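Q:
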Amino acid sequence: MSTTQVPEVVRRYAITLLEATSEQNVGDAVRDDLDGLQTTLASSDELCEFVDNRLLDPAAFTKAFEALFEGKLNGLTLNFLRLLAQRRRVHLLPAIVACAQQLLAQQAGIFTAQVRSAVALSPEQIDQLQQRLATHTGGKVQVDVEVDEGLRGGLVARIGDTVFDGTIETQLARLHRRLIGN
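Using the working numbering, you'd call the opening residue of the sequence shown number 1 and step up by one each time.
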């Protein structure tokens with residue numbers, strides 16, 4: 001998922017899907033379905049355009065989902081797609097899939113850190129960063145690194161709503177506040 005806040009409606013649908021998954025004991029099947037949906041959406045521009053079309057009738061979405069996924073997805077997942085169509089929320093599908101996958105990873109103790117760095121990080125630096133962030137989360141951390149030349153030095157890591165700012169600018173600002181405060 002991106003570093004932006006997840007809209008509450010997306011989060012609610014993702015949580016609802018996962019709760020239903022838990023109640024019906026089909027967690028592994030739905031997890032596989034989510035992985036497949038993410039892969040399919042990422043590889044098909046036509047499907048993304050179709051899903052993002054808010055002008056189509058809900059029945060058209062339902063018919064298309066049944067034609068594409070009947071027998072390939074767990075019944076719960078297919079019913080969830082039908083629900084999104086009925087509620088005219090199909091355009092949220094990519095975000096709901098990403099959010100649900102993130103929630104599943106967090107339940108498994110795996111967190112994703114979005115990291116912006118002033119320079120490219122070596123594999124050793126990434127490993128070291130993963131270890132340090134793991135001590136803060138209490139779980140395994142996957143790191144997505146993006147080089148941001150706008151940073152003057154250091155890095156910023158975001159895990160969910162928590163931000164670890166280790167940029168030179170922030171460190172200098174802290175030092176400045178300490179010197180003025182004393």
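Backbone N, C-alpha and C fix where the C-beta goes; we use that ideal spot for every residue, glycine too.
Treat the numbers as computed from the prediction; the structure is a model and nothing was measured.
Let me know the secondary structure DSSP gives E149 once reduced to three states.
A: Locating residue 149 in the sequence shown gives position 149, where the first residue counts as 1. In the structure shown, E149 sits in coil (DSSP, three-state: anything other than H, G, I, E or B).
Q: Any chance you could list the alpha helix (DSSP H) runs of at least 4 consecutive residues sitting entirely within the segment 22-78, in chain order?
A: Entirely contained in the segment 22-78, the alpha helix (DSSP H) runs reaching 4 residues are, in chain order, 27-43, 45-52, 58-69.
Q: Does D127 come out as helix, strand or coil in the three-state DSSP assignment?
A: Locating residue 127 in the sequence shown gives position 127, where the first residue counts as 1. Note: D127 maps to helix in three-state DSSP.
Q: Should the segment 102-118 be called in touch with the segment 154-164, which here means at least 3 C-beta pairs below 8 Å?
A: Output reads yes: the segment 154-164 touches the segment 102-118.
Q: Does T170 pass the burial test, meaning 16 or more other C-beta atoms within 10 Å, or should it be called exposed?
A: Taking the first residue of the sequence shown as 1, we reach residue 170 at position 170. Under this definition T170 is an exposed residue.
Q: So, with DSSP's three-state summary, where would you put L121?
A: Numbered from 1 along the sequence shown, position 121 holds the residue referred to as residue 121. Coil, per DSSP.
Q: Report, in whole angstroms, the separation of the C-beta atoms of L103 and I15, which I expect to be a contact under 8 Å.
A: Sequence index remark: in the sequence shown, residue 103 carries index 103 (1-based). Sequence index remark: in the sequence shown, residue 15 carries index 15 (1-based). L103 to I15, Cβ: 7 Å. Contact.
Q: Output the distance between the C-alpha atoms of L76 and T62, rounded to the nearest integer angstrom.
A: Locating residue 76 in the sequence shown gives position 76, where the first residue counts as 1. Locating residue 62 in the sequence shown gives position 62, where the first residue counts as 1. Looking at the two C-alpha atoms, the distance is approximately 14 Å.
Q: Considering just the uninterrupted stretch of the alpha helix (DSSP H) at T170, what are its terminal residues?
A: In the sequence shown, counting from the first residue as 1, residue 170 sits at position 170. 168-181 is the extent of the alpha helix (DSSP H) around T170.
Q: Using the three-state DSSP reduction, which class does R158 fall into: helix, strand or coil?
A: Residue numbering aside, residue 158 sits at position 158 when the sequence shown is read from its first letter. The answer is strand: DSSP assigns R158 an E or B state.
Q: For P58 versus Q86, is the C-beta distance shorter than 9 Å?
A: Working through the sequence shown from its first residue, we reach residue 58 at position 58. Working through the sequence shown from its first residue, we reach residue 86 at position 86. Yes, these two residues count as a Cβ contact at 9 Å.
Q: In three-state terms, what does DSSP make of V6?
A: The residue labelled residue 6 in the question sits at position 6 within the sequence shown. Correct three-state label for V6: coil.
Q: Express the C-alpha separation of V145 and L37 in angstroms, rounding to a whole number.
A: Start at 1 with the first residue of the sequence shown, and residue 37 comes out as number 37. Start at 1 with the first residue of the sequence shown, and residue 145 comes out as number 145. The alpha-carbon atoms of L37 and V145 are separated by roughly 24 Å.
Q: Starting from the C-beta of D165, find all residues in its chain whose C-beta is less than 7 Å away, skip the five residues before and the five after it, and write them out in chain order.
A: Against the sequence shown, residue 165 aligns to sequence position 165. Closer than 7 Å at the Cβ level, and outside the excluded window around D165, lie V156.
Q: Assuming L103 is part of the alpha helix (DSSP H), what are its boundary residues?
A: Taking the sequence shown and counting its residues from 1, the one referred to as residue 103 is at position 103. That run of the alpha helix (DSSP H) goes 93-107.
Q: With C-beta atoms as the reference, is T167 less than 9 Å away from L151?
A: Residue 167 sits at position 167 when you count from the first residue of the sequence shown. Residue 151 sits at position 151 when you count from the first residue of the sequence shown. A contact, by the Cβ cut-off of 9 Å.
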